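Numbering (our numbering) for the sequence shown: 3 to 62.
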Amino acid sequence: MTARQNPLYIRYMAAVDEWTTHVTDCSCRVEAPYEVGAPLFERFSRLQDAWTNHLTQQRR
3 MTARQNPLYI RYMAAVDEWT THVTDCSCRV EAPYEVGAPL FERFSRLQDA WTNHLTQQRR
């Protein structure tokens, strides 16, 4: 399975797109996201950590 077929990667990239779209059109910042941005950033952050951990596990 390639990275692009991995369900975790697909969810991670969707979260990246959602967060990027949000911050492009919003005044919230990473340091201080508000009620709309906070859950998007949290999801992006959790999936980024999960994807990084997945890659680390593959290298072992």
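Even for Gly, the Cβ is constructed at its ideal location relative to N, Cα and C.
Keep in mind it's a predicted model, so treat the numbers as computed, not measured.
Checklist entry - Using a Cβ-Cβ cut-off of 6 Å (strictly less than) and excluding sequence neighbours within five positions of arginine 45, which residues of its own chain qualify? => result Ala17
Checklist entry - Is arginine 62 helix, strand or coil by DSSP? => result coil
Checklist entry - Just to confirm, are tyrosine 14 and glutamine 59 a CB contact at a threshold of 8 Å? => result no
Checklist entry - Just curious, the alpha helix (DSSP H) that arginine 13 is in, first and last residue? => result 9-27
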